[in-house]
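To start, the structure itself, in structure tokens.
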Amino acid sequence: MASLPDLLRESETRIAHRVITRARERGFGPYVPSLERAWLAAVAGLTQAIACAWSRDRRPRPLPARGPPEGEAVAWAAEESRRHRERGMALPMFLGLVKLYREVVLEVAGDDGLESSRAVVFLQCFFDAVEIAAVAQWTAPEPAAREAELAGAARRLTLEKEKLAALFESIPHPVLLVEPDGYLSGMNDAAARLFLGGEERSGGALLRAPAWLARRIQPVLAGARAKTSFEEELPVGRGRRRYEVSAERILDVIQKFDGAVVWLEDVTEKRRMEARLQAAERLASLGTLAAGVAHEVANPLASVLSGLSHLARELDDLGAALPREAAADLRETIDDARSAAGRVTRIVRAMQDLAGEQGEGLEPALVAPPLRAALRALEPRLGPVSLAAQIGDLPPVLAREELLEQVFANLLERALRAAGEGGRAGRVRVAARAEGEEVRIEIADDGRPLPAEARRRAFDPSVPVRDGGGSALGLSLCHAAVTAFGGTISLGDAPGGGTLASVALRAALLEAPGDPPAGAVSGEAVPAPLLAGGEARPR
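Residue 852 is where the sequence shown starts when you use this note's numbering, and the numbers rise one by one after that.
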């Protein structure tokens, strides 16, 4: 059978839990620790004192006739007396707590079969010594000494309170203390900035937890769950931020305090980064697929172009054998087929570029010709939508001209669908200008503005922008190409409403500064006033 010290050491957690339960039942709550570890520390100190006294002399000794007993019981009693006096506990209540310890320790010893009269008498004598020492400790100090002791305890408590308050306010994440009825018992500075905008908390501007928060953490407040976590998007300034919200019941084993502690962590950038990584992975997979499809299309497309060239030569050889009008119609048909096949060739090239080859072999390219070509292709489909364009004098940029036309065509297509949604007579405005070492092309529509989340994910090939708002695959191709050119592309709010697509491309460095190469100037510009009103068709 285990000795008394070994038995008590092995049973410290069980002793602490029994003492906590009975202390709660008997009304000791306001004057005892709230955290389980504090109770475990007190029980560990008690079992250590009993073990030391047992190893020194197992024989129960009579209590001294005068003065308090000496030894381990006195030391433990003195320390516990000091702690509980600082909590405001009176001597009778402390003696009741000591009797509670005695009751539980004797019970545990009996539960484990330790029924020897020697051990029982020893424990009774030990706790008798604790009670006598506690009375002596409690009553010995003179009034002046007692006052000094209380003053010192008050200073220590004040310093501890200030330290904990400073620590609470210094936590960078918003933290709230929520009562079971939904009222707030505290919030730190970060929470005040988030929920009150920096207003004084003493004014009672936020007395209860927000309805969305109270509803989500109700299982924790009701005791059904120990903790919960979820994400919530909250308004911050003029925008919105995403927060990870965690709630956990307050660790109070004696039930002195009740409720939950709630903390919020801003995960907006983290989620954006995760979304970008996922989009990049999807785009890489799409690029691999696009490269395979482009490879399969390239060979039959070459055969189609070869056949069209052969037809054109045969038509030339026939010469006057065909009627003039029939020959002209055939030539026009062949030219149209060649043009369409050429566009398919460019699309195939763009799909290959999506696989990661866009940035190879960049040379100075003109912006105006591919932009004008995209505008001309759009014009027959304008319908009730008006188009205003202003193309200034533009230097060449580092890009590939065949891809630039594809970029502009996709962006114009998106703008046209947004401006003409529902058959409305909307407007599309195009402006291209040089800005320092960049060339900026802006395509704006006056349709319904894209929500912030849709703008953020517009270049993700797996997410549609919106019904009738453009092809996400097309926009992803635009993003891949412009990024490979070292430029930037974005969607934002257009002045006066609608969406503004903005492309910035790096200007090509000229070999001889001051002498622009031939073709660097884009050509005739549409007057600026047409951007504010009226209608201009691209030339």
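Cβ coordinates follow ideal geometry from the N, Cα and C atoms, glycine included.
Alpha carbon of residue i to alpha carbon of residue j, nearest angstrom
i: SER1373; j: GLU1132; result: Reliability of the predicted coordinates at SER1373 is poor, the pLDDT of 37 falling under 50, and the value obtained from them is presented with this limitation in mind. So the two alpha carbons sit approximately 38 Å from each other.
i: GLU1230; j: GLY1274; result: 16 Å
i: ARG1278; j: PRO1220; result: 22 Å
i: VAL1112; j: ASN1039; result: 11 Å
i: PRO1378; j: ALA1283; result: Here PRO1378 scores only 34 on pLDDT, less than 50, and its place in the model is too uncertain to base an answer on.
i: GLY807; j: ILE1294; result: Lying before the first or after the last residue shown, residue 807 is absent from the chain, which here runs from 852 to 1390.
i: ILE901; j: ALA984; result: 15 Å
i: GLU1183; j: ASP1244; result: 34 Å
i: ARG865; j: VAL956; result: 10 Å
i: ASP1180; j: GLY1337; result: 44 Å
i: PHE1046; j: ALA1060; result: 10 Å
i: ALA970; j: LEU855; result: 7 Å
i: LEU1152; j: THR1079; result: 59 Å
i: TRP1114; j: HIS935; result: 32 Å
i: ALA1269; j: ASP1167; result: 46 Å
i: GLY939; j: GLY1090; result: 50 Å
i: VAL1391; j: LEU1301; result: The chain is shown from 852 up to 1390; residue 1391 falls before or after that span and cannot be answered.
i: ALA1065; j: ALA1098; result: 10 Å
i: ARG953; j: VAL883; result: 17 Å
i: ALA1188; j: GLU1147; result: 20 Å
i: SER967; j: LEU974; result: 11 Å
i: ALA1163; j: LEU1262; result: 34 Å
i: GLY1287; j: GLU1252; result: 21 Å
For residue i, the first and last residue of its enclosing beta strand (DSSP E)
i: PRO1086; result: 1078 to 1087
i: VAL805; result: An answer regarding residue 805 cannot be provided, because it is not within the stretch 852 to 1390 covered by the chain.
i: ARG1278; result: 1278 to 1286
i: SER968; result: From DSSP, SER968 is part of no beta strand (DSSP E) but of the alpha helix (DSSP H) over 968 to 990.
i: MET1038; result: 1035 to 1038
i: ALA1355; result: 1350 to 1357
i: ILE1292; result: 1289 to 1296
i: ALA1239; result: 1237 to 1242
i: LEU1028; result: 1026 to 1029
i: PRO1215; result: 1214 to 1216
Beta-carbon gap between residue i and residue j smaller than 8 Å
i: VAL1104; j: LEU886; result: yes
i: ALA1355; j: THR1334; result: no
i: ALA1225; j: GLU1289; result: no
i: ALA1250; j: ALA1216; result: yes
i: ARG1265; j: LEU1326; result: yes
i: VAL949; j: PHE977; result: no
i: ALA1276; j: VAL1248; result: no
i: CYS1329; j: VAL1258; result: yes
i: GLU1082; j: ARG1093; result: yes
i: VAL959; j: SER862; result: yes
i: ARG860; j: THR898; result: yes
Residue range of the alpha helix (DSSP H) that includes residue i
i: SER906; result: 887 to 907
i: SER932; result: 923 to 937
i: GLU1264; result: 1252 to 1270
i: PRO1220; result: 1219 to 1229
i: PRO1174; result: PRO1174 -> no alpha helix (DSSP H), and no H or E assigned at all.
i: LEU1064; result: 1062 to 1067
i: ALA1303; result: 1303 to 1307
Any chain B beta carbon closer than 8 Å to residue i
i: GLY1277; result: Annotation note: the requested chain B is absent from the structure, which comprises a single protein chain.
DSSP three-state assignment for residue i, whether helix, strand or coil
i: GLY947; result: helix
i: SER862; result: coil
i: VAL1104; result: coil
i: SER854; result: coil
i: GLY1343; result: strand
i: ALA1073; result: coil
i: ARG1299; result: coil
i: VAL870; result: helix
i: LEU1233; result: coil
i: ALA941; result: coil
i: LEU1249; result: strand
i: ARG1091; result: strand
i: GLY1006; result: This sequence places Arg at residue 1006; Gly is not what is there. If DSSP states are grouped into helix, strand and coil, ARG1006 belongs with the helices.
i: VAL1148; result: helix
i: VAL1096; result: strand
i: ARG1059; result: strand
i: ASP963; result: coil
beta-carbon residue i near the ligand ZN non-hydrogen atom, thresh 7 Å
i: VAL1148; result: With respect to small molecules bound, the structure shown includes none, and the ligand ZN cannot be examined in it.
Stretch pair the stretch 1025 to 1033 + the stretch 1068 to 1077: three plus CB contacts closer than 8 Å: They touch, by the three-pair rule.
Touching by the beta-carbon criterion (3+ pairs, under 8 Å), the stretch 1227 to 1246 and the stretch 1332 to 1344: Result no; under three Cβ-Cβ pairs closer than 8 Å.
Stretch-stretch touch, CB-based, cutoff 8 Å, three pairs: the stretch 997 to 1010 with the stretch 939 to 947: In short, these stretches do not touch, since the Cβ pair count stays below three.
Stretch pair the stretch 1090 to 1110 + the stretch 884 to 898: three plus CB contacts closer than 8 Å: Counting C-beta pairs with one atom in each stretch, the stretch 1090 to 1110 and the stretch 884 to 898 have three or more that are closer than 8 Å, which means they touch.
Segment contact, 8 Å Cβ cut-off, at least three pairs: the stretch 924 to 935 with the stretch 874 to 881: Note that the stretch 924 to 935 does not touch the stretch 874 to 881; fewer than 3 beta-carbon pairs, one per stretch, sit closer than 8 Å.
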